[in-house]
Structures are given as structure tokens and as C-alpha cells.
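Visitor: With the numbering used here, the residue at position 87 of the sequence shown is 138, and numbering never jumps. Have a look at the structure that comes next, please.
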Amino acid sequence: MSEENEQLSEDFEQNYDQFIVEAMGTGCVWGLENAEGWALCPSVYNDNLDVMPLWSQPEYAEVHCREEWSSYKVVPISLEELLDEWLPGMHEDLLLVGPNWDKDLEGVEVEPLDLLEDVDKVAMDSED
52 MSEENEQLSE DFEQNYDQFI VEAMGTGCVW GLENAEGWAL CPSVYNDNLD VMPLWSQPEY
112 AEVHCREEWS SYKVVPISLE ELLDEWLPGM HEDLLLVGPN WDKDLEGVEV EPLDLLEDVD
172 KVAMDSED
């Protein structure tokens, strides 16, 4: 069993919660980028939408830098930049977020503004 499998659950909602907590803890998330842009996957639920997978730890992302994605590199995105710029932009571009997808690129698909709201909720709860 790989290290990635040991640290990400088969419970996609748990992986989503872990994504938020770890991203807030490190102040960073990780995506995959190559010379042509960021890695995207088609949505399982909507043929008209793409999903940008993001991970809360670089090693979770690194698992995917092989085969058809071998040209991609793991690239950090600051949490502040994600919240202030990326998520609103992804919403406008009709992209979804795939937080902490597993080795099979499976997990929840989240509307960017919902992720923004969920991060805000966790931040407010941690202030109490």
C-alpha cells in the first residue's frame, strides 16, 4: 500500500475535510502544472464542466505525475491566493475543485465558492 493511500481515506468527505484543515495549517495547497497549463479532469457529474484537482500535501499530488501526466510538476499555491483569486476565477470559468482526490483521481467535486465558504466556516469555528 502506498503512503498516499495510507494518508487519504476511502471516505471522500473525510478527504475534503482533511484538505481544508491541512491547507489552513500549512497556508498552501498543491496543483499540477506543465508547459500547457494546469491539470484538469472532466467532471463525473456534468459533461460540460472540468475539475481542477488540488491537494493539501505535495506527496498526495506527486502520486499523479506519471503516465499521461508525467510532464506535470507539483506546484504550490498559497491559501491566500487560492481564496482571494483562484476560487472566484474558477467560479467565473465554470471549473470545479477536486480536493484531495485519491490515486484513482476520485473524490468530491466542489463548486469553488462552496469551498471558499467552507474554509471561512472552519476559520470562524477555530477562532471561537
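Just so you know, even glycine gets a beta-carbon here, dropped at the ideal spot from N, CA and C.
Please say whether A90 and Y67 have beta carbons closer to each other than 7 Å?
Guide: Cβ atoms of Y67 and A90: not closer than 7 Å.
Visitor: Quick check on the burial criterion: 16 or more other C-beta atoms within 10 angstroms. Buried or exposed for E54?
Guide: Because the pLDDT of E54 is 44, which lies under 50, any placement of that residue in the model is unreliable, and the number read from its coordinates should be weighed accordingly. Answer is exposed; the Cβ neighbour count stays below 16.
Visitor: According to DSSP, is K172 part of a helix, a strand, or is it coil?
Guide: Looking at K172 - three-state DSSP - the assignment turns out to be helix.
Visitor: Would you tell me roughly how many angstroms separate the C-alpha atoms of N204 and G149, rounded to the nearest one?
Guide: No statement about residue 204 is possible, as the shown extent of the chain runs from 52 to 179 and does not include it.
Visitor: Three-state secondary structure (DSSP) at S177?
Guide: It is helical.
Visitor: Quick test of your reading: L167 and L145, contact by CB under 8 Å. State the CB separation rounded to the nearest angstrom.
Guide: Wrong, their Cβ atoms sit about 16 Å apart, outside the cutoff.
Visitor: The alpha helix (DSSP H) that contains E84, what's its start and end?
Guide: First-last for E84: 79-85, but that is the beta strand (DSSP E), not the alpha helix (DSSP H).
Visitor: Using the C-alpha atoms, what's the distance from L147 back to S94?
Guide: Taking the straight line joining both Cα atoms gives about 8 Å.
Visitor: I'd like the span of the beta strand (DSSP E) that includes G149, first residue to last.
Guide: Start and end: 146-150.
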